[in-house]
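Visitor: Structure incoming, see below.
Residue numbers (this note's numbering), protein chains in the order written: chain A, 39 to 189; chain B, 39 to 237.
In structure tokens, the structure reads:
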């Protein structure tokens with residue numbers, strides 16, 4: 039390794055090749071020239087490190103597989119977990135809606151009294167909680183009875 | 039294999055085999071760029087895969103009058119920054135696995151003097167975590183991938199003056215960190231001369 043390549047081509051910008059960067063990495067003179075004024079230019083050498091071919095092949099394989107199945111591209115990894123969680127939550131909510139028995143019709147009673155008619159309705163099914171809607175004239179009172187409720 | 043422009047044209051018309059060749063041509067730089075931003079090879083692989091699938095969907099919209107690589111870097115950097123933001127604070131670093139040296143590898147004596155790239159990578163991850171995502175992306179594209187500032191500006195969708203400012207700030211932070219914490223990597227520094235001081 040006696041020849042010293044053009045350092046300007048090895049960092050900052052412009053054409054560069056792995057052979058040049060490899061030389062710079064191994065040559066103290068070139069390294070000093072590269073990092074002399076700006077040590078952070080040393081990081082340019084990171085482009086000379088080859089990526090594990092297994093990772094690159096996995097990219098090609100994955101792309102080929104998805105294209106042949108003509109699937110829409112999915113966002114990368116981290117969001118996939120969230121999407122799966124969201125799908126499970128949506129499925130659970132839907133299952134909840136389908137499995138909960140339909141609410142029985144509200145139980146109603148009415149009383150004629152001086153000053154107006156009083157309406158009382160048990161809106162929810164008996165159990166916990168129970169909601170009673172009491173209307174007297176223009177006044178409406180909603181009462182919720184729930185043993186579990188912590189006030 | 040056809041030339042790059044031919045591959046892009048054919049792939050844009052739906053030629054799967056041309057697109058596979060294009061992936062082969064570009065995959066390393068896409069993975070490397072994503073890796074320098076996400077710090078995780080598995081994430082970088084996922085980003086690259088997503089980028090190429092996205093590319094397959096939108097390639098017919100590519101304007102041949104523009105630089106393809108800039109467009110590709112733009113998609114890559116955006117996907118990698120999105121992922122980086124989702125990951126939140128970074129505390130686990132995964133250095134590149136050791137790979138065989140390129141042909142023409144140095145003798146053991148030369149190897150001792152050579153800058154250790156795994157060490158340099160660790161230093162970069164640790165110090166670059168102090169940069170804002172766009173500063174980091176600008177530095178990766180300009181200093182590691184070798185793009186001129188005009189191309190970096192187009193890839194990041196920002197003005198060239200902003201890129202220069204990002205680079206200035208990034209260099210300042212990285213330089214200070216290198217000198218303070220990784221002096222043994224910097225040739226000519228006191229710590230480089232005295233390996234005993236390595237931390």
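Just so you know, even glycine gets a beta-carbon here, dropped at the ideal spot from N, CA and C.
All values derive from a computational prediction rather than experimental measurement.
1) Name the chain A residues whose beta carbon is nearer than 9 Å to that of residue 61 of chain B?
2) Just checking: is the beta-carbon of residue 182 of chain B within a distance shorter than 8 Å of some beta-carbon in chain A?
3) So, is the C-beta of residue 223 of chain B closer than 8 Å to a C-beta in chain A?
4) From which residue to which residue does the alpha helix (DSSP H) around residue 101 of chain B run?
5) Would you decide whether residue 103 of chain A is buried or exposed? Buried here means 16 or more other CB atoms lie within 10 Å of its CB.
6) I'd like to check one pair, residue 80 of chain A with residue 73 of chain A: are the Cβ atoms closer than 8 Å?
7) Go ahead and pull the three-state DSSP assignment for residue 177 of chain A.
8) Strictly below 7 Å CB to CB, what residues from chain A border residue 87 of chain B?
9) Which residues, in chain order, does the region 94-115 of chain B contribute to contact with chain A at a C-beta distance below 7 Å?
10) Taking three-plus beta-carbon pairs below 8 Å as touching, is the region 191-209 of chain B in contact with the region 217-229 of chain B?
11) Does any residue of chain A bring its CB to less than 8 Å from the CB of residue 236 of chain B?
12) Pick from B/63, B/202 and B/74: whose alpha carbon is nearest that of residue 106 of chain B?
13) What is the rounded straight-line gap between the Cα of residue 161 of chain B and the Cα of residue 52 of chain B?
14) Please report how far the alpha carbon of residue 99 of chain A lies from the alpha carbon of residue 95 of chain B, in whole angstroms.
15) Less than 8 Å between the C-beta atoms of residue 97 of chain A and residue 86 of chain B, yes or no?
16) Put residue 157 of chain A into one of helix, strand or coil per three-state DSSP.
17) Which residues, in chain order, does the region 148-177 of chain B contribute to contact with chain A at a C-beta distance below 7 Å?
18) Along the region 72-86 of chain A, where does the CB come closer than 9 Å to a CB of chain B? Name the residues.
19) Rounded to a whole number of angstroms, what is the C-alpha to C-alpha distance between residue 183 of chain B and residue 59 of chain A?
20) Would you say residue 49 of chain A lies against chain B (beta-carbon separation less than 8 Å)?
21) Would you please verify whether the beta carbon of residue 198 of chain B is less than 8 Å from any beta carbon of chain A?
22) I need the straight-line Cα distance from residue 65 of chain B to residue 46 of chain B, nearest angstrom please.
23) So, is the C-beta of residue 206 of chain B closer than 8 Å to a C-beta in chain A?
24) Given a limit of 8 Å on CB to CB distance, which residues of the region 73-85 of chain B reach chain A?
25) Since residue 83 of chain A and residue 74 of chain B should fall inside the 8 Å C-beta cutoff, what is the C-beta to C-beta distance between them, to a whole number of angstroms?
26) Can you tell me the Cβ-Cβ gap for residue 202 of chain B and residue 78 of chain A, rounded? I've got them flagged as a contact below 8 Å.
27) What did DSSP end up calling residue 171 of chain A once you bin it into helix, strand or coil?
28) Whole-angstrom Cβ separation of residue 61 of chain B and residue 101 of chain A, contact assumed at under 8 Å?
29) From B/77, B/76 and B/114, pick the residue whose C-alpha is nearest to that of residue 93 of chain B; which is it?
30) Suppose only complete runs of 3+ residues qualify. What are the beta strand (DSSP E) ranges in the region 58-87 of chain A, listed by chain order?
31) Hey, how far is the Cα of residue 142 of chain B from the Cα of residue 153 of chain B?
32) Against residue 226 of chain B, what residues of chain A qualify as contacts under a CB-to-CB distance less than 8 Å, listed in chain order?
33) How would you write the range of the alpha helix (DSSP H) that residue 111 of chain B sits in, first residue to last?
34) Would residue 209 of chain B count as contacting chain A if we go by Cβ distances under 8 Å?
35) Just the chain B side, please: which residues come within less than 9 Å of residue 94 of chain A by C-beta, in chain order?
Guide: By the coordinates alone:
1) Neighbours of residue 61 of chain B on chain A, chain order: 97, 98, 101 and 102.
2) Yes, its Cβ sits closer than 8 Å to a Cβ of chain A.
3) Yes, its Cβ sits closer than 8 Å to a Cβ of chain A.
4) It is not in any alpha helix (DSSP H) - residue 101 of chain B carries neither H nor E in the DSSP assignment.
5) With fewer than 16 other Cβ atoms within 10 Å, it is exposed.
6) With a cutoff of 8 Å on beta-carbon distance, residue 73 of chain A and residue 80 of chain A are scored as near each other.
7) Here residue 177 of chain A carries a strand assignment [DSSP, helix/strand/coil].
8) Residues of chain A passing the Cβ test: 97, 100 and 101.
9) Residues 94 and 95.
10) Touching, no.
11) Reliability fails at residue 236 of chain B, whose pLDDT of 46 lies under 50, so the model's placement of it is uncertain and no value is given.
12) Of the candidates B/63, B/202 and B/74, the one whose C-alpha sits nearest the C-alpha of residue 106 of chain B is B/63.
13) Looking at the backbone, the Cα of residue 161 of chain B and that of residue 52 of chain B are separated by about 42 Å.
14) So the two alpha carbons sit approximately 17 Å from each other.
15) The Cβ atoms of residue 97 of chain A and residue 86 of chain B lie closer than 8 Å to each other.
16) When secondary structure is reduced to three states using DSSP, residue 157 of chain A falls in the strand class.
17) Those would be 148, 151, 152, 153, 155, 158, 159 and 162, in chain order.
18) Of all residues in the region 72-86 of chain A, 72, 73, 74, 76, 77, 78, 79, 80, 81, 82, 83, 84, 85 and 86 have a Cβ within less than 9 Å of some Cβ in chain B.
19) So the two alpha carbons sit approximately 12 Å from each other.
20) At residue 49 of chain A the pLDDT is 48, less than 50, meaning the model places this residue with poor confidence and gives no usable figure here.
21) Not one chain A Cβ lies under 8 Å of residue 198 of chain B.
22) Spanning the two alpha carbons is a distance of roughly 14 Å.
23) Interface with chain A (8 Å Cβ-Cβ cutoff): residue 206 of chain B is excluded.
24) Hits within the stretch, in order: 73, 74, 79, 80, 81, 82, 83, 84 and 85.
25) With 8 Å as the limit, residue 83 of chain A and residue 74 of chain B do not qualify as a contact, their Cβ atoms being about 12 Å apart.
26) With a beta-carbon spacing of about 15 Å, residue 202 of chain B and residue 78 of chain A fall beyond the 8 Å limit used to define contacts.
27) Residue 171 of chain A falls in the strand class under three-state DSSP.
28) Taking 8 Å as the upper bound for CB-CB distance, residue 61 of chain B and residue 101 of chain A are in contact here, some 5 Å apart.
29) B/114 is the residue among B/77, B/76 and B/114 whose C-alpha sits nearest the C-alpha of residue 93 of chain B.
30) Segments of the beta strand (DSSP E) lying fully in the region 58-87 of chain A: there are none.
31) Any reading at residue 142 of chain B must be qualified, since the residue scores a pLDDT of 38, below 50, and its modelled position is unreliable; no value is offered.
32) Neighbourhood of residue 226 of chain B in chain A, by CB distance below 8 Å: 70, 73 and 74, in chain order.
33) 106-125 is the span of the alpha helix (DSSP H), which, as asked, contains residue 111 of chain B.
34) True, the Cβ-Cβ gap to chain A drops below 8 Å.
35) Correct list: 62, 65, 66, 69, 83 and 86.
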